[in-house]
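Going left to right, the sequence shown walks through residues -16 to -1, 1 to 140 as mature numbering (1 follows the signal peptide of the UniProt record, and there is no 0) numbers them. Every residue, glycine too, gets a C-beta built ideally from N, C-alpha and C. Report on the structure given below.
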Amino acid sequence: MLRLVFISVFIAISTADFVPIGFKNCNSLSTLNGVEIDGCTVKELEGGKKQCLIKQGTTPKIRVNFAPNEDIATMKTKVKAKIGSGSYVDFPMETDDACKSSLKCPLKKGTAYSYNWGIEMMHQYPLNENIQVNWILSRDGEAKDICFIFLVKLEA
């Protein structure tokens, strides 16, 4: 049964319509080659920034393309969101173990990988608010192997 679920998620991710989003690399130790999200309409903001517009009630998928600069045995994920001018809150994830997603650990130095994850945009999340998302993938929750920041706004 678990295998069927994994195959279904893999098919959904591989057929999704991913678009590159604007993001800021926050001192990643690994080489961050790009971040894409399906179900996102990219909006140009003043100052050259880009914002990802996502429909509330959907489950967009994120794809992070990277290459580690050294071998990595395990990898954890942590997501924080800042709504408007408020403070950061941890974004709930099913698991923080990135190796239980599309990544198969250990990761080898210099090899290209794609981390894929779907996030449900629940109806209780605020609409039409500027949201800053900080996403970190790290070995053992310490080093920022991958760190990026992007902007989101939920729409009805």
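{"Query": "Other residues of its chain near Leu121: CB distance less than 6 Å, five sequence neighbours each side excluded", "Result": "Met59, Thr61, Ala82, Asp129, Ile130"}
{"Query": "Per-residue DSSP class, three states only, for Lys128", "Result": "coil"}
{"Query": "Contact the segment 65 to 79 vs the segment 34 to 44: 3+ CB pairs below 8 Å", "Result": "no"}
{"Query": "Cys89, DSSP secondary structure in three states", "Result": "coil"}
{"Query": "Under 8 Å between C-beta atoms of Glu139 and Gln40", "Result": "yes"}
{"Query": "Same chain only: Cβ atoms within 7 Å of Glu104, ignoring 5 sequence neighbours per side", "Result": "Thr43"}
{"Query": "Buried versus exposed, by CB contacts within 10 Å (16 or more), Gly23", "Result": "buried"}
{"Query": "Cα-Cα separation, residue 158 to Glu30", "Result": "Given a span of -16 to 140 for the chain in the structure shown, any question on residue 158 remains unanswerable."}
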